[in-house]
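Just so it is clear: in the sequence shown, position 1 is 817 by our numbering, and no numbers are missing.
No residue lacks a Cβ here, since even glycine has one placed at the ideal position from N, Cα and C.
Below is one structure; the comments refer to it alone.
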Amino acid sequence: MHAYFKSIWPPLVAVILFIAIWQGAVSLFHIEKWMLPAPSDIAREAASQAERLGMHASATIQLTLIGFAAGTAVGLLIAMVLHLVPFLKSALYPLLILSQNIPTIALAPLLLIWFGFGLLPKLITIILVCFFPVAVAAMDGLTRTDAAMMNYMRMAGAKRHHIFWKLELPHALPSVFSGVKIAATYSVMGAIIAEWIGADKGIGYYMMLQKSAYRTDRLFVAIMIIVALSLLLFLLIALLEKLLVRWRPQKRQ
């Protein structure tokens, strides 16, 4: 408990100090609320909009979780196939890297034209954001299997699929979770982008409405919700990693 408090208090103090400076600067320099609202104004607006924000946040959470799960599954499937078929890895891996040079927000309008305004284009948007870090991290982990254990299993007569499921995949789990944690934060961003392009509910849709009304305070509230959702999802994946990867040696403090 002492170690946890020791690690958490420096960033907590930094955040409190930042908020205090922000509040003081807005009051001291008489900054207009529409330009930069004070933290107290943002907190009041969050309280007054709680029910409405809850509805929009619920829609974003649902979209994020479905897209994140699908994106993670696609990333893992791609990593396994490319690892098990070296020819495909040589042919397709450069294309995967090239695909990340296309901004997701530029593809989203095309997805709407091709698939309409339903759930599918939004899920594809999140999948495109999520799958790459999972695939790259998983492929990297699968190539770092202990060579001595690999040779031992081969000498013991283990077949290729046994080596993969019993040795390579478990050994790659720390790397896989590293990619999944990155994808978790990206999934919230992907959901917001999808809602910007075409939706009738969600935090992204709420942000577009408030932008048009020049409600900067409400935009800050939406940003806080996005940050909170990203952190929560990241922490949940980190907890799952701690439960599943028990054999990983702990770092010395």
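Limits of the alpha helix (DSSP H) - the one that Lys-930 falls within: At residue 930 the sequence reads Trp, which differs from the Lys that was named. Per DSSP, Trp-930 belongs to the alpha helix (DSSP H) from 920–931.
Option in Ala-972, Asn-917 and Arg-970 with minimal Cα separation from Phe-948: Asn-917
So which of Gly-883, Leu-1045, Arg-1034 and Phe-1050 has the shortest CA-CA distance to Thr-941? Gly-883
Lys-938 burial status per 10 Å Cβ neighbour count (16 or more: buried): buried
DSSP three-state call for Gly-973: helix, strand or coil? coil
Residue from Ala-988, Ala-972 and Ile-1039 whose Cα sits closest to the Cα of Val-1004: Ile-1039
Helix or strand or just coil, what does DSSP make of Asp-857? helix
Can Gly-1006 and Val-945 be called in contact, C-beta distance under 8 Å? yes
For Asn-917, which of helix, strand or coil comes out of DSSP? coil
Can you check whether the CB of Ala-954 is closer than 8 Å to the CB of Leu-879? no
Measure from the alpha carbon of Leu-1060 to the alpha carbon of each residue in His-987, Ala-1015 and Ala-1010, then state which is nearest. His-987
Cβ atoms of Phe-1036 and Pro-853: under 8 Å apart, would you say? yes
Looking at C-alpha atoms only, which residue of Ile-979, Ala-1054, Val-842 and Ser-864 is the closest neighbour of Ala-1000? Ala-1054
Which of the three DSSP states, helix, strand or coil, is assigned to Glu-867? helix
Ordered along the chain, which non-local residues of its own chain (more than five positions away) have a Cβ less than 8 Å from that of Trp-930? Pro-937
Close-in-space but distant-in-sequence residues of the same chain around Ala-895 (CB under 6 Å, 5 per side omitted): Ala-951, Ala-954 and Met-955
State the DSSP-derived secondary structure class of Val-952, mapped to helix, strand or coil. helix
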